[in-house]
Amino acid sequence: TIYAVGIGSSESQLTPRAREILGTVDVVAGHYGFIEMVRGHINPQARVIDDRPARARSEDFSRYQHNRVSAIVAEALKGQSVAVVSGGDAGIWGMAGVLLEAREVYENAFRVEVVPGIPSFVTVAARLGAPLQNGFTVVSIGDEDTPFAVIEQRLRGAALGGGALVLYKLILENMAYPEFYPPDQHPELSTPAKTTRFRLQRTFDILREHIPPERPMAIVTDVCDQTARFSTTMKMLGADDRHESIVFAPFGEFLKRSDSFRFFTTVIIGDATTRRHGDALITSQWNYTWKYSRDLMNDIADLPYLKEQKEFFEGSGRGK
Numbered sequence: 001t002i003y004a005v006g007i008g009s010s011e012s013q014l015t016p017r018a019r020e021i022l023g024t025v026d027v028v029a030g031h032y033g034f035i036e037m038v039r040g041h042i043n044p045q046a047r048v049i050d051d052r053p054a055r056a057r058s059e060d061f062s063r064y065q066h067n068r069v070s071a072i073v074a075e076a077l078k079g080q081s082v083a084v085v086s087g088g089d090a091g092i093w094g095m096a097g098v099l100l101e102a103r104e105v106y107e108n109a110f111r112v113e114v115v116p117g118i119p120s121f122v123t124v125a126a127r128l129g130a131p132l133q134n135g136f137t138v139v140s141i142g143d144e145d146t147p148f149a150v151i152e153q154r155l156r157g158a159a160l161g162g163g164a165l166v167l168y169k170l171i172l173e174n175m176a177y178p179e180f181y182p183p184d185q186h187p188e189l190s191t192p193a194k195t196t197r198f199r200l201q202r203t204f205d206i207l208r209e210h211i212p213p214e215r216p217m218a219i220v221t222d223v224c225d226q227t228a229r230f231s232t233t234m235k236m237l238g239a240d241d242r243h244e245s246i247v248f249a250p251f252g253e254f255l256k257r258s259d260s261f262r263f264f265t266t267v268i269i270g271d272a273t274t275r276r277h278g279d280a281l282i283t284s285q286w287n288y289t290w291k292y293s294r295d296l297m298n299d300i301a302d303l304p305y306l307k308e309q310k311e312f313f314e315g316s317g318r319g320k
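Note that the working numbering has the sequence shown beginning at 1, numbered continuously upward.
This is how it looks when you write it as structure tokens:
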């Protein structure tokens with residue numbers, strides 16, 4: 001069996017099922033940063049395969065992906081149980097899909113179980129309060145494997161739909177690994193800095209057709225201090241101090257703030273009802289017709305088990 005295990009954004013987010021699998025499998029594989037995050041839960045007898053050797057042997061990103069998946073499949077075909085760890089949820093820009101495709105190629109020679117994890121946009125939203133309360137869209141704008149015309153179409157649909165918007169992967173991976181995307185094979189990604197700037201500009205231009213400049217926006221980098229578990233040699237990975245950063249700004253400042261975008265940056269733009277209160281973004285639930293107020297305390301004052309709290313309801317409970 002191959003287990004595609006989502007591990008969330010921190011060790012505290014591991015589910016009981018994920019812990020159980022990591023503690024019993026024969027092999028654990030994945031990005032070394034994710035492996036370090038769960039190291040304390042891995043079966044001491046398990047063999048650990050991080051993806052650095054596969055990256056070192058690969059001349060381009062496609063070959064790297066092929067190599068790391070082939071190494072995992074080889075273990076399963078030998079009869080080993082393998083846990084493949086993905087940050088967030090394994091089925092959201094994680095390893096679940098490609099492992100299921102491999103099972104299809106090998107005609108069900110092994111099982112694949114997808115173990116859900118907390119997606120990073122859920123963690124980011126929780127840090128911000130409740131910005132995704134009533135419908136939202138998630139778009140990865142720096143996805144090298146998806147034609148940018150498709151990404152533009154998704155952005156238009158999201159902006160027109162009017163819900164809150166989550167933007168993943170704001171900069172291109174070839175900013176750090178240009179050798180994996182040679183210009184003759186990936187002309188649309190050359191040069192990395194220019195292409196990233198173009199995509200950010202197009203994203204802003206498309207969204208501002210339907211999103212006003214004053215709309216609340218939050219820029220979150222290194223949620224749960226993610227960079228602390230990864231190499232510090234890549235400047236574009238995360239915050240310089242390797243700690244979580246949250247910046248609130250109106251959507252109109254999207255491009256102005258883009259110099260701070262990193263691989264571990266997520267942007268959430270609210271909908272028409274989203275407002276900021278202190279350190280929280282709150283999006284109203286349109287499926288409810290009421291708003292909370294102190295007067296609502298009157299409705300529970302006569303409940304039998306609360307009658308002894310008469311002083312509270314007559315004074316401080318509804319008041320100051």
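Glycine included, every Cβ here is placed at the ideal spot set by N, Cα and C.
Beta-carbon to beta-carbon, Phe110 and Thr1 are separated by about 6 Å, close enough to satisfy the 8 Å threshold.
Unbroken alpha helix (DSSP H) runs of no fewer than 4 residues, entirely contained in the stretch 160-210, are found at 192-207, following chain order. At least 8 Å separates the beta-carbon of Asp241 from that of Ala164. Closest in alpha carbon position to Arg262, among His243, Thr24, Tyr106, Met37, is His243. The beta strand (DSSP E) runs of length 3 or more contained entirely in the stretch 49-137 are, from start to end of the chain, 82-86, 112-115.
In the structure shown, Arg276 falls within a strand segment according to DSSP collapsed to helix, strand and coil. Counting only residues of its own chain and dropping the five nearest sequence neighbours on each side, Ala176 has a CB closer than 6 Å to the CB of Met234, Met236. Looking only at Leu189, Leu172, Glu173, Leu155, the smallest Cα-Cα distance to Val166 is reached by Leu155. When only Cα atoms are considered, Ala149 and Leu189 end up about 13 Å apart. Pairing Pro147 with Gln153, the inter-Cα distance amounts to about 10 Å. DSSP places Pro250 in the uninterrupted beta strand (DSSP E) bounded by 245-250. In the three-state DSSP reduction, Pro212 falls in the coil class, being neither helix nor strand.
Rounded to whole angstroms, the Cβ separation of Phe34 and Val85 is 4 Å, and the two are in contact under 8 Å. The C-alpha of Tyr181 is placed about 6 Å away from the C-alpha of Asn174. If you draw a straight line from the Cα of Asp279 to the Cα of Ile219, it comes to about 13 Å. Arg215 counts as buried, since at least 16 other C-beta atoms from the protein chains shown sit within 10 angstroms of its C-beta.
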